[in-house]
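Please read the structure below before turning to the comments.
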Amino acid sequence: MTEAILKKARVWTAPQFDEKTRGKIQELIDKNGEKELTDRFYKELEFGTGGMRGIMAAGTNRMNIYTVGRASQGLARYLLDNYSDAAVRGVSIAYDSRNNSRLFAHESARVLAANGIRVFVFPELRPTPLLSFTVRHLVNRAGIVITASHNPKEYNGYKVYSADGAQITYPEDERIVEYVDKTDIIRGVKRMEYSDGIKQGLITELGTDVEDSYLHKVGEFTGGVEKGIQKELVKVGRDIKVVYSPLHGTGITLVPKALEKIEGVVVLCEKEQSIPDGNFPTTPTPNPEEVQALSRAIEYARKEDADMVIATDPDCDRMGLAVPDENGNFISLNGNQIGSLLAYLITSSYQKSGNMPEDPAIISTIVSTELAGEIAHTFGTDIFYVLTGFKFIAGKMREFEENEKNHFIFGFEESYGYLADTFVRDKDGVIASVLALLLVKYSIGAHGSVMAFLEFLYRKYGMFMEYQKSFILKGSEGAQKITTLMENLRGNPPEDIAGGKVEVIKDYLIQKVKLLKEGDEKDITGLPKSNVLQFYTENKIKVSVRPSGTEPKIKFYFAFTTPFSESLQETKKILDDRYKYVSEILFKKYGLM
2 MTEAILKKAR VWTAPQFDEK TRGKIQELID KNGEKELTDR FYKELEFGTG
52 GMRGIMAAGT NRMNIYTVGR ASQGLARYLL DNYSDAAVRG VSIAYDSRNN
102 SRLFAHESAR VLAANGIRVF VFPELRPTPL LSFTVRHLVN RAGIVITASH
152 NPKEYNGYKV YSADGAQITY PEDERIVEYV DKTDIIRGVK RMEYSDGIKQ
202 GLITELGTDV EDSYLHKVGE FTGGVEKGIQ KELVKVGRDI KVVYSPLHGT
252 GITLVPKALE KIEGVVVLCE KEQSIPDGNF PTTPTPNPEE VQALSRAIEY
302 ARKEDADMVI ATDPDCDRMG LAVPDENGNF ISLNGNQIGS LLAYLITSSY
352 QKSGNMPEDP AIISTIVSTE LAGEIAHTFG TDIFYVLTGF KFIAGKMREF
402 EENEKNHFIF GFEESYGYLA DTFVRDKDGV IASVLALLLV KYSIGAHGSV
452 MAFLEFLYRK YGMFMEYQKS FILKGSEGAQ KITTLMENLR GNPPEDIAGG
502 KVEVIKDYLI QKVKLLKEGD EKDITGLPKS NVLQFYTENK IKVSVRPSGT
552 EPKIKFYFAF TTPFSESLQE TKKILDDRYK YVSEILFKKY GLM
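Using our numbering, read the sequence shown as starting at 2 and increasing by one per residue.
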């Protein structure tokens, strides 16, 4: 191993580190664990699209009390140096059900309090969107959530929120990183005992007042949507039965309460998955994007003859939905389908109730479905596309308020993140769950079923289908492979994709759009730089490629459009076959298959 890696590792055997940490690193040094030590020390954990996230273990490239403490010290210094009211307005902290989440939350509180900053901590696990609301509700200067969202059980993470309740964005994120980088992990971190922080009034454990206010806001908003579609809901004439799974996460604390506020609903919680557990013992993945994550809840729903299945990820910012088809088989809708259905539900509700605001706007992302744009135009609603990551949707919401130009009514991204109304500034699994319930009620009343409603949209606007493929490439070698692949795509871009000539290339890193057909080039404006490439073909294929900002993987997004054929199944098969053909050719060309 390199001398630089060995030097970094030996630092972690010093007496300032706890005995378990010292012992593990010394063990790796003694047995010359080059690969493991390199992966643990070749870099610092970075703030990406979702903050700092990594595998829990000892090392600079791992989540542990020392990297969390260093990040908190950097954040504390940043706040105190840049905001005169930071100490008084303070920081709120929430955490999810993952292993060590409570420990990391308390470590963050200890460091902030030692720097004289007031801290407001949820005493038990709570959803991420509640933290976003809390920062706004308590007028905090910042917020922290300890979570790794839907990642495997080995991971945890650290998200930082700005004073408006949104995740930090450029340039604030880079400025915080500068402060963190200047912080010595041993001598540079101040700490005080958690109990002393409480005694001195620097640490306050929150009661139920904040979440009660949050649930009231959720009820106010979704009640307005329900009134907008009341005529269709009357046609249902029976209770809607919903099976809910929090996938061993925080959603169990608020989602059932929110759902039960809707009249005519029976809520059944999947029993075992309602127990918070960072090992996620009943599911191979706590990610509602994965069909298998909903399998237990779907099995329960079949037994109970339920109308729908809802699942949220461990920190309850993502929501997945499954509904029965005409044969009673449950179909898991993808994030683009859910987003499109909710876009239609919300815009039509505003229109029917006569409460559509002036200059209404939907915000989505550059890799999400363009069906939402077709729906928005039907209702005279603007749609804006931002970079991947909900913090960019929140940034556009902030821009609306500053410019007083548009009014936000709905935002979503294909990775199962949804938000409506403005009292939260992050994707919200609680709000999304209630909207999903209203969606099912509306669909049954107006179309007979959710699948019939989806077919109605496809017949009206054309069939839009999107697909994803991710390649996980771990460690420093994997990071280099991802870098090389992006360089190859830039330096040797595909001239055609499965027979369709590439006409447009968008490169968000250099902020350029190449119009190959016209032989022209123009700038990308209004979006920050990002390592994303998009290719558009003459036969309406769109391929997007980007490395993940928080995980060791590279993602490919494929989008296809075609007129609706005889049936939903037949048209979907046409596009499924097209995706299989196109993706195999592309992946082989760039050495991924």
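Heads up, the beta-carbon is just placed ideally off N, CA and C, and yes, glycines get one too.
Determine the direct distance from the alpha carbon of residue j to that of residue i, and round the result to whole angstroms.
i, j, result
"Leu576", "Ile432", "32 Å"
"Glu456", "Tyr462", "10 Å"
"Leu7", "Thr14", "11 Å"
"Pro529", "Tyr509", "8 Å"
"Lys554", "Glu327", "37 Å"
"Gly198", "Leu104", "15 Å"
"Asp185", "Pro16", "15 Å"
"Tyr580", "Tyr558", "10 Å"
"Gly381", "Pro361", "8 Å"
"Ile30", "Arg11", "8 Å"
"Lys502", "Asn540", "8 Å"
Determine the extent of the alpha helix (DSSP H) in which residue i is found, giving its start and end residues.
i, result
"Arg460", "451-462"
"His378", "372-379"
"Ala395", "391-404"
"Asp174", "173-182"
"Leu490", "476-492"
"Lys8", "4-12"
"Leu528", "Leu528 -> no alpha helix (DSSP H), and no H or E assigned at all."
"Ile299", "296-305"
"Val256", "256-260"
"His107", "102-115"
"Thr39", "35-42"
"Gly279", "Segment: none, Gly279 is in no alpha helix (DSSP H) and carries neither H nor E."
"Gly70", "66-83"
"Asp578", "569-590"
Checking 9 Å against the spacing of the C-beta atoms, do residue i and residue j come in under that value?
i, j, result
"Met57", "Tyr159", "no"
"Thr538", "Glu504", "yes"
"Gly250", "Ser98", "yes"
"Ser102", "Thr39", "no"
"Tyr591", "Leu474", "no"
"Gly430", "Pro128", "yes"
"Leu458", "Leu342", "yes"
"Leu131", "Glu261", "no"
"Val122", "Ala143", "no"
"Leu322", "Ala294", "no"
"Phe281", "Pro289", "no"
"Ile542", "Phe565", "no"
"Asp308", "Val441", "yes"
"Tyr96", "Leu126", "yes"
"Thr223", "Val435", "yes"
"Lys228", "Ser73", "no"
Compare the C-alpha of residue i against each of the options and name the closest.
i, options, result
"Ala5", "Asp19, Gly24, Glu28, Arg41", "Arg41"
"Lys21", "Ala59, Ala307, Val544", "Ala59"
"Arg491", "Phe472, Ala480, Lys513", "Lys513"
"Ala298", "Thr348, Gly336, Leu346, Lys242", "Lys242"
"Gly166", "Ile94, Phe18, Lys236, Phe559", "Ile94"
"Glu291", "Phe331, Asn335, Asp326, Asp316", "Asn335"
"Glu273", "Gly381, Thr284, Gly476", "Thr284"
"Gly520", "Ile376, Ile506, Ile511", "Ile506"
"Thr423", "Glu221, Ile483, Leu593", "Glu221"
"Asn337", "Tyr351, Asn330, Met320", "Met320"
"Ile445", "Gly225, Ile230, Ser150", "Ile230"
"Val544", "Glu405, Ala377, Gln469", "Gln469"
"Ile384", "Phe401, Arg23, Lys523, Ile363", "Ile363"
What distance in whole Å lies between the Cβ atoms of residue j and residue i, which are believed to be in contact at a cut-off of 8 Å?
i, j, result
"Tyr180", "Arg78", "5 Å"
"Ala110", "Val136", "Actually they are not in contact, since the Cβ atoms of Ala110 and Val136 sit about 15 Å apart, beyond 8 Å."
"Ile347", "Phe411", "5 Å"
"Val190", "Gly70", "5 Å"
"Met452", "Val324", "7 Å"
"Ala421", "Ile311", "Ala421 to Ile311, Cβ: 16 Å. No contact."
"Asp314", "Lys428", "The pair is not a contact, with the Cβ atoms about 10 Å apart (cut-off 8 Å)."
"Leu388", "Thr366", "7 Å"
Can a CB atom of chain D be found closer than 9 Å to the CB of residue i?
i, result
"Glu305", "Included in the structure is just one protein chain, with no chain D present."
Got a sec, what are the start and stop residues for the beta strand (DSSP E) residue i sits in?
i, result
"Arg137", "Here Arg137 belongs to no beta strand (DSSP E); instead the alpha helix (DSSP H) covers 129-138."
"Phe331", "331-333"
"Lys242", "241-246"
"Asn157", "156-162"
"Leu269", "266-270"
"Tyr419", "418-420"
"His408", "408-414"
"Arg54", "53-56"
"Phe557", "554-563"
"Ile367", "Where Ile367 is concerned, there is no enclosing beta strand (DSSP E), given that its DSSP letter is neither H nor E."
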